[in-house]
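Protein chains in written order, with my numbering: chain A, 4 to 463; chain B, 4 to 463.
Here it is as structure tokens:
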């Protein structure tokens, strides 16, 4: 079915919540509340066959009773009723459906039979379905929150597709905390219709999406997935966590979603050929989202490390070299500028050790010199808490430089270490599009992952 | 010199701060304030050759003027004066010295010459010296804070020796936040006298220390280091980050501390032979500290994974298998108990997926069954935030079970994912000796590192 009618799901003008409820704690309540209390740009109708009013808003007995044509129906009714509800949607001219309800394939053969019924009805009416057994969808830019999550991330350029609702919500929670923006979040659920291939096609062509992140357990249509990925991975980074790398974990996937995760080696090879970046851990996926939403891709492996302490500089160098990166060799001009700006026994090389008592001015000078240095592709800025230095004032100086300087397409990352005394600085960075990492090694890992992606694409 | 007189440094009854100052922002001020305002068990005297009173406390013009014999002198005077000050200490019968002052070997040949002078004087008077160019020492149990850091971790069983003061303070800051305890923190500085070998010997025999963590850039006396490590690594875990793994990063070490980090492969082999655990990243060192200070070492590789969502369970399985761990095969009795306690479509195996709406009761039942299962060596408990579940109530139930049950020496770790909604639960865990991890993969990595240590020791 490709991308037909997906606009009904992702760009709806009129939404209906079927199974809207006033029972606090139910999914139907939480979703309804998100529309009643939220600021969705379009119109939303609540549908409930028992109540005439929910959350102080008129409720309609059926979708057919809603006074205008609905683009997107979000269904949160019990599994057994869903097929009938979808049929009613079809008759009412609805073309986009998200089924949140669980109790299908994942519960056994009877559930699978229910799914098959729904698929038949959907085909009859040309309805596109996301789900079932999913968390729903979020489109921050239009404030469309078709999930039961109460908080949504800010608008951004990353589309995040997750085959695990729980993992998706954990990543969103972290993203909100770190101020990372998304164009879309899709919890794909059982994928009885809309699958990864469709979504890559759709978001590959979406002008508001600049990169696609996926948590994948199993692919329903491998050929479509791969052709879509191959088509778009060269223009938009596609970063994938593919779970079930081993026979035993694949078994866990099967018990969990009822889907087969297939031979891992086949995925591995296919990802590589398509130019898809595969990462191993949940944190990697989040880190990729953060850097993709805020920074240009690294144009090369040469990293400058600015630090106020030697030890972390050395650890960062180790991590960089272990991952195939290069310690940028500072140009003679940069060396000259640093010699003029820094105390006599700075490190005289990269890592640029500003010495423990470095304040905003030394950070500013080092950053400006690195931004101007053609030998530098990216800059990782480290700070360890010292007695006399206010980390926030350093963060402010860094942001000021970046706002005044031409970026020259360099990737800028920061790791201000420790917990209790760098919180303000990290929040300030998050609010000004500088990705931050608890440890410098994480920053290096993210830098190198993004550089590898760029390189793979160039080689293909 | 071995451990001679190290008790004077680490178990002083009387301490003097030389170069105590009332200039806010100076090191001499911060250290003096830590003693004046702190609750150090012993006695502390301030020494300043200009002022008769500092911070409202009497100051003595010289160490010789202090009315009793000082065990430990903490020196924060300018580099050029330090040798003379140490000589005065010697004449006054002081046997333990910590030199915080910088400006020695790390600044060039003139600084090196100053160090050589100090070494001569120290030998003459049998004085032991930690430093110079270091952050100092902390002994939480006696509330001895001989550093300029204003916050100290709680008492515990981990001795942490760091060749980078900045890295040390960043790790301490995180430790305080996560409620990890230490027996001792030593910032070793330039190691003109007391070195890693001495300290391993000392803390290897210290009944309050159960494990030793080290950040190492270069070892001054490799033979002593190795013989000490070999001697103690079998009874107390020794975990090391050795920085400068590559030629280029070794160069950064040299510029930073003036010490040679040597051929990395030699260290690698020696660590292995001695039974020392080598980890690669700063976060690993912290994670090791956390688990060593709170949990028994894993007795085997078989991990049970308790989760309320399938996706994170699969990711954890992947991470476990990738690191050579085993997914514990639940005993028939455990299966029976879980079938009785959990909803019909729980995962029926390990990972134990309690299903998204799992509350404290299901977690409690699964944890109890796993604790009783002889096929299980360790348990990693995962939670993703769900609409209706209060993470804190789950954490409370878990702690309650662990307090009532015989542990049977199982290692228990937790990863409650997300940021904004699991903070309370994570603090509760930290207050009850359950290590927590932002991602399950980090938990698995730590578990397997500790298991590998145990295994290496058994094989030696």
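Ideal Cβ placement from N, Cα and C applies to all residues, glycine included.
Judged by their CB atoms, residue 76 (chain A) and residue 125 (chain A) are not nearer to each other than the 8 Å cut-off. Within the region 420–433 of chain A, contact with chain B at the beta-carbon level (separation under 9 Å) is assigned to 420, 421, 422, 423, 424, 425. Chain A has no Cβ within less than 8 Å of the Cβ of residue 337 (chain B).
For the C-beta of residue 249 (chain B), the chain A residues within less than 8 Å are, from N- to C-terminus, 320, 321, 324, 325.
The three-state secondary structure of residue 130 (chain B), taken from DSSP, is coil. Counting every other CB atom within 10 Å of its CB across the protein chains shown gives residue 391 (chain A) a total below 16, marking it as exposed. Rounded to whole angstroms, residue 128 (chain B) and residue 210 (chain B) show a C-alpha spacing of 29 Å. For residue 299 (chain B), the nearest beta carbon of chain A is not closer than 8 Å to its own beta carbon. Nearest C-alpha to residue 55 (chain B) among B:22, B:81, B:159, B:244: B:22. Considering only B:374, B:416, B:430, the residue with the shortest C-alpha distance to residue 407 (chain B) is B:374. The C-alpha of residue 99 (chain B) lies about 17 Å from the C-alpha of residue 204 (chain B). Contacts with chain B at 8 Å (Cβ-Cβ) do not include residue 141 (chain A). When C-alpha distances from residue 398 (chain B) are compared across B:420, B:372, B:431, B:409, the shortest belongs to B:431. Around the C-beta of residue 177 (chain A), 16 or more other C-beta atoms lie within 10 Å, and the residue is accordingly described as buried. Residue state for residue 223 (chain A) is assigned as coil, using DSSP reduced to three classes. For residue 317 (chain B), the chain A residues whose C-beta falls within less than 7 Å of its own C-beta are 220, 246, 247, 252, 255, 256, 259, listed in chain order. Straight-line measurement puts the Cα of residue 81 (chain B) at about 16 Å from the Cα of residue 151 (chain B). Cβ-Cβ distances below 6 Å link residue 94 (chain A) to nothing in the same chain once the five nearest sequence neighbours on each side are left out. For residue 291 (chain B), the enclosing alpha helix (DSSP H) starts and ends at 285–297. Per DSSP, residue 337 (chain B) is one residue of the alpha helix (DSSP H) stretching across 335–344. By DSSP's assignment, residue 164 (chain B) forms a beta bridge with B:189, B:217. When secondary structure is reduced to three states using DSSP, residue 33 (chain A) falls in the helix class. The beta carbons of residue 331 (chain A) and residue 361 (chain A) sit no closer together than 8 Å.
Inside the region 46–106 of chain B, DSSP marks whole beta strand (DSSP E) runs of 3 or more residues at positions 46–50, 60–63, 75–78, 99–102, from first to last along the chain. Residue 274 (chain A) and residue 281 (chain A) do touch by the CB rule: their CB atoms are close to 5 Å apart, below 8 Å. In the DSSP assignment, no residue is bridged to residue 170 (chain A).
Distance between residue 192 (chain A) and residue 418 (chain B), taken at the CA atoms: about 23 Å. Per DSSP, residue 149 (chain A) is one residue of the beta strand (DSSP E) stretching across 147–149.
By DSSP's assignment, residue 159 (chain B) forms no beta bridge with any residue. Our two residues, residue 237 (chain A) and residue 70 (chain A), have alpha carbons roughly 45 Å apart in a direct line. In the displayed model, residue 42 (chain B) falls within coil according to three-state DSSP, outside both helix and strand. Collapsing the DSSP output to three states places residue 254 (chain B) in a helix. Residue environment for residue 212 (chain B): buried (at least 16 other C-beta atoms within 10 angstroms of its C-beta). Of all residues in the region 142–175 of chain A, those with a C-beta nearer than 9 Å to a C-beta of chain B are 151, 152, 153, 154, 165, 166, 167, 168, 169, 170, 171, 172, 173, 174, 175, reading in chain order. For the region 438–457 of chain A, the set of residues with a beta-carbon nearer than 8 Å to any beta-carbon of chain B comprises 441, 442, 443, 444, 445, in chain order. Here DSSP, grouped into helix, strand and coil, assigns residue 249 (chain B) to coil.
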